[in-house]
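Structure, as structure tokens:
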Amino acid sequence: MIRSMHADEVYPWSLLLDADPDKAMVEGYLDQSQVLIYEEKNTVIGIVVFRQQLDTWEIMNIAVAPDHQNRGIGRRLLQAVEDTLLATAASETPIRLVIKTGDHSPARFLYQKQGFTIFSCQKNYFIDHYAEPIYEEGRQLFDQIILVKHLICS
291 MIRSMHADEV YPWSLLLDAD PDKAMVEGYL DQSQVLIYEE KNTVIGIVVF RQQLDTWEIM
351 NIAVAPDHQN RGIGRRLLQA VEDTLLATAA SETPIRLVIK TGDHSPARFL YQKQGFTIFS
411 CQKNYFIDHY AEPIYEEGRQ LFDQIILVKH LICS
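Numbered by the working numbering, the letters in the sequence shown go through residues 291 to 444 in order.
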């Protein structure tokens, strides 16, 4: 089940830090964001954090517990963000939704399957913005890939 996280709930830090290992950076955007969680049997196994910045909505953090991956939960969380944005948008107003990921991230392919397209690449982002190297599936991340999807209310 996907639902909004309540203000009095404790954040599932293990999931949040799995997607972004810099706790200070995560804390910096949580207060201005909406948070949806995916629960099974009262256990949070997925999370997505998104916020509006000017005319763009950005997915800041999305994670699924490792032992629950490859079950479509990430796809459902992405769809829940889209549904939330479309439900509150003005008629026929396009919504620009952005998600950023590492150059070797397997999640990039999920985002592309969901209709996101590569917009740009920020070279050496993970070198310049993180004190420690970040690895995904044994490969160090260097560049940040920025993907975009335009949502249209019907």
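No residue lacks a Cβ here, since even glycine has one placed at the ideal position from N, Cα and C.
Residues bridged to residue i (per DSSP)
| i | result |
| --- | --- |
| Tyr301 | Beta-bridge pairing links Tyr301 to no other residue. |
| His440 | Arg386 |
Same chain, Cβ closer than 7 Å to residue i, neighbours up to 5 away in sequence not counted
| i | result |
| --- | --- |
| Pro459 | It is not possible to answer for residue 459, since the shown part of the chain is limited to 291 through 444. |
| Ile417 | Phe432 |
Reduced DSSP category for residue i - H, G, I as helix; E, B as strand; rest coil
| i | result |
| --- | --- |
| Arg398 | helix |
| Glu329 | strand |
Endpoints, the alpha helix (DSSP H) within which residue i is located
| i | result |
| --- | --- |
| Ala377 | 363-378 |
6 Å Cβ shell around residue i - same chain, five flanking residues per side excluded
| i | result |
| --- | --- |
| His358 | Ile335 |
| Ala353 | Leu305, Asp308, Ala309, Ile337 |
Residue i at chain D interface by Cβ criterion, 8 Å
| i | result |
| --- | --- |
| Lys331 | Although the question refers to chain D, the structure presented lacks it and comprises just one protein chain. |
Delimiting residues of the beta strand (DSSP E) encompassing residue i
| i | result |
| --- | --- |
| Glu348 | 346-354 |
| Ile292 | 292-294 |
| Phe409 | 407-412 |
Is it true that the segment 433-441 meets the segment 406-420, where meeting means three or more beta-carbon pairs spaced less than 8 Å apart? yes
With a threshold of 8 Å, are at least 3 pairs of Cβ atoms found where one atom belongs to the segment 360-379 and the other to the segment 317-328? yes
Inter-stretch contact (C-beta, 8 Å, three-pair minimum) for the segment 374-384 and the segment 397-405: no
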